[in-house]
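Novice: Mind having a look at this structure? Questions to follow.
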Amino acid sequence: MSRRFIAAAAQLGPIARDEPRRDVVARMVRLVEEARRRGVSWLVFPELALTTFFPRWFMERQSEVDRFFETRMPSADVQPLFDAARGAEIAFHLGFAEKVDDSGVERRFNTAILVDRAGRIVHKYRKVHLPGHRDHEPQRPFQHLEKRYFERGDLGFPVTTVEDCRAGVLICNDRRWPEAFRMLGLNGVEMVMAGYNTPRHYPLAPEHDRLQDFHNHLCLQAGAYQNGTYVVGAAKAGVEEGCELIGGSCVVAPTGEILAVAATLGDELVCAAVDLDRCAEIKRNIFNFAQHRQPDTYGLLTQGVGQL
Ligand code: ING
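Okay, structure coming up:
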């Protein structure tokens with residue numbers, strides 16, 4: 055693939071709790087078809103794109119929680135997405151809840167994969183920064199139980215060369231942590247794909263609800279600029295099971311400029327022209343790590359979790 059191509063965020067509107075995966079996949083396939091018509095080469099679906107954002111509920115029984123997890127990828131329900139993307143010669147990012155059997159131990163992660171144009175899974179990332187809380191907090195208008203339902207990701211912050219692109223993944227809350235972006239930057243990333251499910255209402259600081267869209271773009275733009283990388287942010291958006299999720303899916307240039315942004319809170323393709331060689335404008339100059347970084351002065355960054 056040329057290093058100049060069209061990348062797109064495939065924003066998804068709300069997914070109902072009981073919406074069958076095959077119906078969600080049909081919505082995604084429609085976005086793949088539109089992407090093909092618009093000459094897209096890379097398509098980014100959101101975090102946990104196959105189901106509703108289930109950490110918003112406290113569920114006692116593990117069997118009920120596990121309904122939202124994938125044990126095979128692609129499953130029969132998801133296969134049509136892989137087929138449509140391969141037919142359209144489109145590489146894509148997909149976020150989903152992953153349940154694996156690790157030598158007899160069940161493990162559960164908030165995961166995202168990259169699939170190349172031939173339909174091969176060539177990259178996997180498991181979310182490291184799990185926001186929210188572990189125990190039921192009934193006083194909240196909705197829960198955010200990622201710390202309960204997922205383990206912390208155990209794959210680090212890998213960057214893989216896919217279709218001649220140094221590609222990396224962050225998942226939702228990860229994008230708020232500059233250390234996560236910098237880990238990808240130090241691995242030479244040229245395009246970061248970041249799916250997210252971000253409620254507008256943040257119960258612990260409701261005065262920030264009005265700032266959620268600003269904070270979203272602030273994080274994506276800063277991450278892009280400070281690491282000389284493109285960023286594609288893809289939202290699950292809209293009022294999903296009574297919970298308002300922000301949209302704002304976008305494509306950000308290595309300069310930090312937003313090249314394209316969603317205009318709705320529904321299923322929407324957000325396309326922009328990418329020229330990966332433009333990353334060098336930043337990586338070779340203002341953020342030339344070899345010339346300007348001073349890691350021997352940053353010891354505190356990895357010594358403990360930090361002060362309040
Ligand atoms: N969601 C949110 C995010 O980091 C959140 C959690 C919401 C944090 C609002 C701060 C404010 O975008 C996920 N899934 O990480």
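Every number in our numbering is 54 more than the matching position in the sequence shown, counting from 1. All residues carry an ideal CB built from backbone N, CA and C; glycine is no exception. Being a predicted model, the structure only gives us computed values, none of them experimental.
Quick one: which unbroken alpha helix (DSSP H) runs of 4-plus residues sit fully inside the region 102 to 182? Chain order, please.
Specialist: As far as the region 102 to 182 is concerned, its whole alpha helix (DSSP H) runs of at least 4 residues are 116 to 120 and 133 to 141.
Novice: Between G296 and F150, is the Cβ-Cβ spacing less than 9 Å?
Specialist: Taking 9 Å as the Cβ cut-off, G296 and F150 do not qualify as a contacting pair.
Novice: Helix, strand or coil, according to DSSP, for E335 in the structure here?
Specialist: Three-state result, E335: helix.
Novice: Going by C-alpha distance, which of K337, T125, A61 and A139 is nearest N241?
Specialist: When only C-alpha atoms are compared, the closest one is K337.
Novice: DSSP three-state call for V78: helix, strand or coil?
Specialist: Note: V78 maps to helix in three-state DSSP.
Novice: V98 and M247 look like a contact to me (Cβ under 8 Å); what is the Cβ gap, rounded to whole Å?
Specialist: Rounded, the Cβ-Cβ distance is 5 Å, consistent with contact.
Novice: Which residues in the same chain have their Cβ closer than 7 Å to the Cβ of I312, if we skip the five residues on either side of it in sequence?
Specialist: Excluding residues within five positions, the ones whose Cβ falls inside 7 Å are H271, Q275, C304 and V306.
Novice: Just curious, the beta strand (DSSP E) that E244 is in, first and last residue?
Specialist: First-last for E244: undefined, no H or E at that position.
Novice: Give me the DSSP bridge partner(s) of G287.
Specialist: Paired residues: A248 and C304.
Novice: Could you have a look at V86 and say whether DSSP puts it in helix, strand or coil?
Specialist: Of the three classes helix, strand and coil, the one that applies to V86 here is helix, per DSSP.
Novice: Let me know the secondary structure DSSP gives I60 once reduced to three states.
Specialist: In this structure, I60 counts as strand in the three-state DSSP scheme.
Novice: Is any heavy atom of the ligand ING found at a distance shorter than 8 Å from the C-beta of C304?
Specialist: Answer for C304: no, Cβ out of range of the ligand ING.
Novice: Under 9 Å, Cβ to Cβ, is there at least one residue of chain B near A62?
Specialist: Reference to chain B is not applicable here, since this structure consists of a single protein chain.
Novice: Following the continuous alpha helix (DSSP H) through A276, name the residue where it begins and the one where it ends.
Specialist: Q266 to N281 is the span of the alpha helix (DSSP H), which, as asked, contains A276.
Novice: I'd like to check one pair, M127 with E152: are the Cβ atoms closer than 9 Å?
Specialist: Against a cut-off of 9 Å, the Cβ pair of M127 and E152 comes out as a contact.
Novice: Label E160 either buried or exposed according to how many other C-beta atoms from any shown protein chain fall within 10 Å of its C-beta, with 16 as the threshold for buried.
Specialist: Exposed, by the Cβ-count rule.
Novice: Under 8 Å from any heavy atom of the ligand ING, does the C-beta of F107 make it?
Specialist: Yes - the ligand ING has a heavy atom lying nearer than 8 Å to the Cβ of F107.
Novice: Just to confirm before moving on: does the CB-CB distance between G173 and D137 stay below 9 Å?
Specialist: Result yes, Cβ atoms of G173 and D137 sit closer than 9 Å.
Novice: Going along the chain, which unbroken runs of the beta strand (DSSP E) with 3 or more residues stay wholly within the region 182 to 233?
Specialist: Counting only runs of 3 or more, we get 213 to 216 and 219 to 225.
Novice: Quick one: does the C-beta of E200 sit closer than 8 Å to a heavy atom of the ligand ING?
Specialist: Indeed, a heavy atom of the ligand ING lies less than 8 Å from the Cβ.
Novice: Please list, in chain order, all residues of the same chain as P257 whose beta carbon is under 6 Å from its beta carbon, the five residues on each side excluded.
Specialist: The residues are R194.
Novice: Sort A288, N339 and R121 by Cα distance to P100 and report the nearest one.
Specialist: For P100, the nearest C-alpha among the options comes from A288.
Novice: Tell me, to the nearest whole angstrom, how far the beta carbon of G277 is from that of F235; I am working on the premise that it is less than 8 Å.
Specialist: Indeed, because the Cβ distance is near 4 Å, the residues count as touching under 8 Å.
Novice: Below 8 Å on the Cβ atoms is my contact criterion, and I expect L102 with E124 to pass it. Report the Cβ-Cβ distance as a whole number of Å.
Specialist: The Cβ separation is near 10 Å, so there is no contact.
Novice: Taking the alpha carbon of I167 as the reference point, which residue from S157, R140 and G222 has its own alpha carbon closest?
Specialist: The option with the nearest alpha carbon to I167 is G222.
Novice: Report yes if the C-beta distance between I225 and Y179 is below 9 Å; otherwise report no.
Specialist: In this structure, Y179 lies closer than 9 Å to I225 by Cβ.
Novice: Quick check: Y203 and F268, are their CB atoms within less than 9 Å of each other?
Specialist: No, they are not a contact pair.
Novice: Given a threshold of 16 other Cβ atoms within 10 Å of its Cβ, counted over all protein chains shown, does S95 qualify as buried or as exposed?
Specialist: Per the 10 Å Cβ criterion, buried.
Novice: Report the option in I175, A326, A334 and R230 whose CA atom is closest to the CA atom of T283.
Specialist: That would be A334, whose Cα lies nearest to the Cα of T283.
Novice: By a C-beta neighbour count over all protein chains shown, 10 Å radius and 16 as the cutoff for buried, is D170 buried or exposed?
Specialist: With 16 or more Cβ atoms within 10 Å of its Cβ, D170 is classed as buried.
Novice: Given the structure, does H187 come close to the ligand ING, in the sense that its CB is under 8 Å from one of the ligand's heavy atoms?
Specialist: Incorrect: H187 has no Cβ contact closer than 8 Å to the ligand ING.
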